[in-house]
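There are 2 protein chains.
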Amino acid sequence: MTPSEPVPRRRMTSHPRKPPVIADVARLAGVSVPTVSRYMTGSARVSPGKSRLIAEAIAALNFRPSSVARALVSGPPKMVAVLTGNTSQYGYAETIRGIEEGARAAGYLVTISVVESAELPAVEQTIQLVLEQTVAGLIVLTFNPAGVAALHALPPGIPRVAIAGAREKGTPQAVLAEADAAEELTNYLLALGHETVHHVRVPPSRREDGRTLGWRRALRAAGKPVPPIIESDWDPYTGESIGRQIAGRGDITAVFCGNDEIAMGVIRGLKELGKHVPDDISVTGFDDHPLAGLWTPPLTTVRQDFAALGRRAWQMLQDILDDHPGKRFASDRPPLVIRESAAAPRSLRT
Amino acid sequence: MTPSEPVPRRRMTSHPRKPPVIADVARLAGVSVPTVSRYMTGSARVSPGKSRLIAEAIAALNFRPSSVARALVSGPPKMVAVLTGNTSQYGYAETIRGIEEGARAAGYLVTISVVESAELPAVEQTIQLVLEQTVAGLIVLTFNPAGVAALHALPPGIPRVAIAGAREKGTPQAVLAEADAAEELTNYLLALGHETVHHVRVPPSRREDGRTLGWRRALRAAGKPVPPIIESDWDPYTGESIGRQIAGRGDITAVFCGNDEIAMGVIRGLKELGKHVPDDISVTGFDDHPLAGLWTPPLTTVRQDFAALGRRAWQMLQDILDDHPGKRFASDRPPLVIRESAAAPRSLRT
DNA sequence: TTGAAAGCGCTAACAA
DNA sequence: TTGTTAGCGCTTTCAA
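These protein sequences, in sequence, are chains X and A. So the first sequence is numbered by my numbering: it starts at 1 and just counts up by one. So the second sequence is numbered by my numbering: it starts at 1001 and just counts up by one.
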């Protein structure tokens, strides 16, 4: 605040509402401060008479003990922070839900901080904000570049767990084995008879995501050509326009999309230009979005259990906080979910 | 961790490795505690020589000041809590994103706590957990009964804002004018020529939600019959089975669903039994889900800007925290979004 | 069972 | 510019 600014004045009349402190209660109840403390915490017996007086005083003043002061005496607050990119996307929201669930069960509170971009000033500002509060530990979602940047910008010494697609050495992490799942999905498409599989990829968290990796691996292993990657962002409408482009290309018979929402967009775009899925072209997603099974046609995809991933990460962090050794790496294998958006190519059908 | 990495020391020391405190830094740097404090906060100049020594000591000890102790001296921590039901649903996630965005811009951190059910023990436990931390204020999402219960169970004296469908007296709140929007949507359907409009409702936060209210109001005003409500939960698959039921009923020509995801399910169920939307039956949603425009057919719905709602609520809370008076009630009118899932009834078409 | 006294880790007020 | 002295609001010895 600069000196020239008019000082917002707290009206003397209506706002002398300084919250009551324990001493006020003690005074009103006619006992000592420690006695009130003992009453509040139940750490020692307090005589019934004084208990009643204290209870009345507390009620009269509407007293609530300051958790800050309390924390100063009795250890750090039970709070963990989650550093994340965008939160409203399905995978993020589910992961955070899992973390929160686990943490709450253990009596920890979760604080969420969004890292808007991978630019260093933004990242550092957010981290600073978080570390100003006392958090017992951090869980960083490195699904996107901003998250990765945040993980790297974190000062040493604070317990942390990364939730990631890609392996991040030096940091305990919980991951979903995307690459293996993507490989399996690609192989499934190949087994259906497709000559190759095209890949629409969503923005990777680093140079290459597991999904893309697994796709390429499967193609290479099968000796199939690896077509150029079609780039997309996170917006389903981008998928739609990609679908319209693809509709004009007779050479594409199978498309593996980086996530379900993009796959839905692609199918929609294809449909708009008269292409039928899966008769004309097979399209698969990734994630098993809640609407994937209700799409037309229902999406063949890979089920990523983000909530379980979040719980898993919490578990790892808790182990670290409790000074249990524990594993430093946990990986779950997402299963293939076969529905109706993929089939044999037209050339092989009767 | 790979074997080549340096083994973390202190293996021998018993595990409660106590974090360094400011006194440790002062001792190591050979200065007094307040000097270190001044260096850290920049509240007064510190000579270059000592600055260097202090910086070195801080680095050597990997010291980070305790925000708890700091808070005790200099006011409550910049943290607000969000109490919410399920978080992974679209509306919730978006709302929280809006809150977080506003709060972060103001230098506040947001902590999320999920209230699992409206049962008192669960509600109180969560509230207790939150209040044990020191939060400057609370934002409660009362979209569902659990949220409403949480709001009511909150002890007095803590700054709070409710985000709600329904009006909640005594608490400042930010709402979306659902009832008006639902009324407009119903009128739109009626204007298309439908004899009446059926309503599939999602679980209301209290006795009746704005959506249901507006629907009924429109029907009454138009002198149309008010058909019995069809109850649904939040699961899109429930919508699907409702759609299949509806397919068998010739009397239904227009359906107003409580949200987009249910509408998508209903359309899917209808389609499975050979009914065409909107030729055979009109179906509308509510929310304008990110996939609403890509559904087949694209959904006619109402756009609820949840992120803006969240930002608005934050704004109100901030005003309260800053002791600005400000409005105690903010309502936004969600606009109708006309796409293709509603049309004139078959009887009126050529 | 109770109260007096001593901190928890930090910052603010006051001298030097 | 620096150190000394007081607290912030609470819990925890330690006597009584």
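Beta carbons are placed, not taken as given, at the ideal position from N, Cα and C, and that holds for glycine. Predicted model, so just to flag it, every value in this text is computed and none were measured.
Cα separation between ARG1009 of chain A and ALA29 of chain X? Confidence in ARG1009 of chain A is poor, its pLDDT being 29 and thus under 50, which makes the residue's placement too unreliable to answer from.
So, for ARG244 of chain X: in the same chain, excluding its five sequence neighbours on each side, which residues have a beta-carbon less than 7 Å away from its beta-carbon? GLY269, GLU272 and LEU273
Just to check my reading of the structure: PHE286 of chain X and THR300 of chain X have Cβ atoms closer than 8 Å, yes? What is that Cβ distance to the nearest angstrom? Taking the Cβ atoms as the reference, PHE286 of chain X lies roughly 10 Å from THR300 of chain X, outside the contact range of under 8 Å.
Could you name the residues that DSSP lists as bridge partners for LEU336 of chain X? X:VAL302
Using CA coordinates, which residue listed in X:GLY49, X:PHE143, X:CYS257 and X:GLY248 is at the minimum distance from GLU168 of chain X? X:PHE143
Test item: CB-CB of PRO1335 of chain A and ARG1303 of chain A under 9 Å: yes
Cα separation between ARG349 of chain X and GLY193 of chain X? 10 Å
Between LEU360 of chain X and SER32 of chain X, what straight-line distance do the alpha-carbon atoms span, to the nearest angstrom? This structure does not reach residue 360 of chain X, given that chain X is present from 1 up to 350, and the question cannot be answered.
Contact set between ASN1062 of chain A and chain X, taken where Cβ atoms lie within less than 9 Å: PRO155, PRO156 and GLY157
At the level of alpha carbons, what is the spacing between ALA1164 of chain A and SER1205 of chain A? 9 Å
For the candidate residues A:ALA1103, A:GLU1101, A:ALA1081 and A:TRP1295, whose alpha-carbon lies nearest to that of ILE1127 of chain A? A:ALA1081
Report the rounded CA-to-CA distance for ARG1211 of chain A versus HIS199 of chain X, giving the unit in angstroms. So the alpha carbons of these two residues sit roughly 42 Å apart.
Which residue wins for smallest C-alpha separation from GLY258 of chain X, given the options X:ALA330, X:LYS224 and X:GLU183? Shortest Cα-Cα distance from GLY258 of chain X to any of X:ALA330, X:LYS224 and X:GLU183 involves X:GLU183.
Flag this pair as yes or no: are the beta carbons of TRP215 of chain X and LEU185 of chain X separated by less than 9 Å? yes
Tell whether a beta-carbon distance below 9 Å holds between MET1079 of chain A and VAL1110 of chain A. yes
Where in the stretch 1221-1297 of chain A do unbroken runs of the alpha helix (DSSP H), each at least 4 residues long, occur, reported from the N-terminal end onward? 1236-1247 and 1260-1272
Comparing C-alpha positions only, which one of A:ILE1281, A:PRO1065, A:TRP1314 and A:GLY1293 sits nearest to ASP1251 of chain A? Checking every option, the nearest Cα to that of ASP1251 of chain A belongs to A:ILE1281.
Just to confirm before moving on: does the CB-CB distance between PRO1236 of chain A and PRO290 of chain X stay below 9 Å? Contact: yes.
Helix or strand or just coil, what does DSSP make of THR212 of chain X? helix
How would you label PRO19 of chain X, buried or exposed, when you count the other beta carbons within 10 angstroms and need 16 or more for buried? So PRO19 of chain X ends up on the exposed side.
Interface partners of LYS271 of chain X on chain A, CB under 7 Å: THR1296
Name the DSSP beta bridge partners of ILE112 of chain X, please? X:VAL82 and A:VAL1110
Quick one: is TYR1039 of chain A near chain X, going by C-beta distance under 9 Å? no
Rounded separation between PRO107 of chain X and GLU101 of chain X - CA only: The sequence shown places Gly at residue 107 of chain X, rather than the Pro named in the question. Whole-angstrom Cα-Cα distance: 10 Å.
Per-residue contacts from PRO290 of chain X into chain A (C-beta, under 7 Å): PRO1236
Indicate whether SER232 of chain X and ILE262 of chain X have their beta-carbon atoms separated by less than 9 Å. Yes, the pair counts as a contact, with Cβ atoms nearer than the cut-off.
Cβ-based contacts, 8 Å cut-off: residues of the stretch 99-120 of chain X near chain A: Contact residues of the stretch 99-120 of chain X toward chain A are GLU100, GLU101, ARG104, GLY107, LEU109, VAL110, THR111, ILE112, SER113 and VAL114 (C-beta to C-beta distance below 8 Å).
CB contact below 9 Å: SER4 of chain X versus chain A: With a pLDDT of only 31 at SER4 of chain X, under 50, the local geometry of the prediction cannot be trusted, and the value read off the model is given with reservation. For SER4 of chain X, the answer is no, since every Cβ of chain A falls outside 9 Å of its Cβ.
Taking only beta-carbon positions, decide if ALA81 of chain X is within less than 9 Å of chain A. yes
In the DSSP assignment, find the alpha helix (DSSP H) that holds THR1095 of chain A and state where it starts and stops. 1090-1105
What does LEU1141 of chain A pair with, by DSSP beta-bridge criteria? A:ILE1163
Suppose the cutoff is 6 Å on Cβ atoms and the five residues either side in sequence are ignored; what does the same chain contact list for ASN1332 of chain A look like? Going by the sequence as given, residue 1332 of chain A is Asp instead of Asn. If we look at ASP1332 of chain A and ignore the five residues flanking it on each side, its Cβ neighbours are LEU1176.
Who are the neighbours of ALA1071 of chain A on chain X, taking C-beta pairs under 7 Å? VAL68
Are ILE139 of chain X and LEU317 of chain X close, meaning C-beta to C-beta below 9 Å? yes
Check the Cβ of GLU261 of chain X against every Cβ in chain A and list those closer than 8 Å, keeping chain order. PRO1290 and LEU1291
From the DSSP output, which residues share a beta bridge with VAL175 of chain X? X:ALA164 and X:SER331
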